[in-house]
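If you read the sequence shown in this note's numbering, its first letter stands for residue 13, the second for the next number, and so on.
Where is the CB? At the ideal position from N, CA and C, for every residue including glycine.
A quick note: this is a predicted structure, and the numbers were derived from the prediction, not measured.
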Amino acid sequence: MPTAASLQDASSSDAELLSRISVLIVDDEAGMRNFLWRILGPRCRRVEQASDLEEAEEWLAVEAFDLIVLDNMLGEARGLDWLARQREAGHTPPVVLISAFGDLEMAIEAMQAGAADLVLKPFRANQILNAALRAVERSRLKAEISLLRREIRRASEETDRLTGAAPALEEIRAAIARAAPSPSSVLLTGESGTGKEVAARMIHSLSDRAERPFIPVDCAAMPEETADSELFGHVEGAFPGAKGRREGLFLQARGGTLFFDEIAEAPLATQAKLLRVLEERRVRPLGAERAFPVDVRLIFSAKADLETRVAEGLFRADLYHRINVVRLHLPPLRERREDVPELARLFMAQLAQRLNRPALPIPPEVEAALQAQDWPGNLRELRNLVERALILGRFPSDG
13 MPTAASLQDA SSSDAELLSR ISVLIVDDEA GMRNFLWRIL GPRCRRVEQA SDLEEAEEWL
73 AVEAFDLIVL DNMLGEARGL DWLARQREAG HTPPVVLISA FGDLEMAIEA MQAGAADLVL
133 KPFRANQILN AALRAVERSR LKAEISLLRR EIRRASEETD RLTGAAPALE EIRAAIARAA
193 PSPSSVLLTG ESGTGKEVAA RMIHSLSDRA ERPFIPVDCA AMPEETADSE LFGHVEGAFP
253 GAKGRREGLF LQARGGTLFF DEIAEAPLAT QAKLLRVLEE RRVRPLGAER AFPVDVRLIF
313 SAKADLETRV AEGLFRADLY HRINVVRLHL PPLRERREDV PELARLFMAQ LAQRLNRPAL
373 PIPPEVEAAL QAQDWPGNLR ELRNLVERAL ILGRFPSDG
């Protein structure tokens, strides 16, 4: 057993990195699982154990792990074969493979299967710690690069639709800044096109989950018959045609944010299951034998009046009260007409860059005409008008 004196202390940065990760140990020998747990348990945020590949898959179906420590020989099964299959499905976090046998052929096979590192038995505690650090650091750097690329792409394609100096918008921005650090659910209300998803993204980006996924869910477009599988996932054989394991959106958003756009359109059966997740913070994939804890921040939006939906029996009252913790109302564009010229110029600059066309000037008389409109489609309608003018080379004579 490792002792405090026998372990080399990691640097403070390494210790901090280890303290943030969750680990799944997969080994069929109880003694080795315990040994690994004694090494990793005190240093990592969370460590779970699986005695076989079936149990490991149950964990992975519902829980996000930053690292897997995998024994290569698990009874008659080989960890490398399982790892190769998981990699093909694209759902496996970094894996440190441990093996009693190692040669060049094994090292090449481990690399081809997607193992981040190979540690040979017998090993010392610091070997496992160093392998875990290398694997997680490489994964973190890849995630940061991917996130940066997404943000660059999104910045080039999207407009900050919460741009403006109207008092109502200033209040929303201040409320978002206050709500973002909290794990509480947020309900965003407002007409279509007022920027509810942009507000949700702002909440996510200002929270401590900013480096984790932000996943929007279009409730209006989710078929009732597949909603459970999409949200919670399923195990192989859960229903006819379930070939293999599916990672649900709750798992894909692990550690991050799920944004339920137009929650009023969710089927009543789905509403009931969402309520259970909110109450228990656990999800059960279709066909799984148990529910597992889930760490996801939930944000909801609605253009419909949810109180009216509740009164009509179209929306669960208990779910409404659970999601209506922090409520922010996005004002329509007609209530902040002073922002219309600035938004039009911003749309023009971004669309001109995207379409590779010279930007059109927006003279004062056009700005005044734009301000005078009611914009029932809100920001989306204004953006479409600017794009149409850019393509045609002129604004319509009536603004």
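- Looking at 221, 31, 345, the one whose alpha-carbon comes closest to that of residue 309 is 221.
- Just so you know, the alpha carbons of residue 141 and residue 52 end up roughly 8 Å apart.
- Beyond the five residues adjoining it in sequence on each side, residue 282 comes within less than 6 Å, by CB distance, of 239 in the same chain, given in chain order.
- As DSSP reads the structure, residue 129 sits in a beta bridge with 108.
- Classified as buried, residue 208 has 16 or more neighbouring CB atoms from the shown chains inside 10 Å of its CB.
- When the five nearest sequence neighbours on each side are left out, the beta carbons in the same chain lying within less than 7 Å of the beta carbon of residue 231 are those of 272, 273, 274, 275, 277, 278, in order along the chain.
- A residue is called buried when at least 16 other Cβ atoms come within 10 angstroms of its Cβ; residue 123 does not meet this threshold and is exposed.
- The stretch 28-108 is shown to contain whole beta strand (DSSP E) runs of 3 or more residues at 34-38, 58-62, 79-83, in chain order.
- When only Cα atoms are considered, residue 213 and residue 342 end up about 14 Å apart.
- In the three-state DSSP reduction, residue 313 falls in the strand class (E or B).
- By the Cβ rule, the stretch 294-313 does not count as touching the stretch 343-353, because fewer than three pairs are nearer than 8 Å.
- Excluding sequence positions up to five before and after residue 409, its CB lies less than 7 Å from no other CB in the same chain.
- Note: residue 340 is bridge-paired with 200 in the DSSP secondary-structure output.
- Our two residues, residue 386 and residue 180, have alpha carbons roughly 17 Å apart in a direct line.
- Sorting 60, 71, 75 by C-alpha distance to the C-alpha of residue 267 places 75 at the top.
- Residue nearest to residue 35 within the set 84, 108, 235 is 108 (criterion: CA-CA distance).
- Shortest Cα-Cα distance from residue 227 to any of 235, 236, 215 involves 215.
- Taking a cut-off of 8 Å on C-beta distances, the stretch 363-380 does not touch the stretch 185-201, as fewer than three cross pairs fall below it.
- A distance below 6 Å between beta-carbons, with the five flanking residues on each side excluded, links residue 68 to the following residues of its chain, in chain order: 38, 62.
- The residue from 284, 280, 244, 137 with its alpha-carbon nearest to that of residue 265 is 244.
- The three-state secondary structure of residue 258, taken from DSSP, is strand.
- Classified as exposed, residue 88 has fewer than 16 neighbouring CB atoms from the shown chains inside 10 Å of its CB.
- Among the bridge pairs identified by DSSP, residue 230 is matched with 273.
- Excluding five sequence positions before and after residue 185, the CB atoms of its chain that fall closer than 7 Å to its own CB belong to 174, given in chain order.
- Within the DSSP bridge table, the entry for residue 295 names 304 as partners.
- A residue is called buried when at least 16 other Cβ atoms come within 10 angstroms of its Cβ; residue 407 meets this threshold and is buried.
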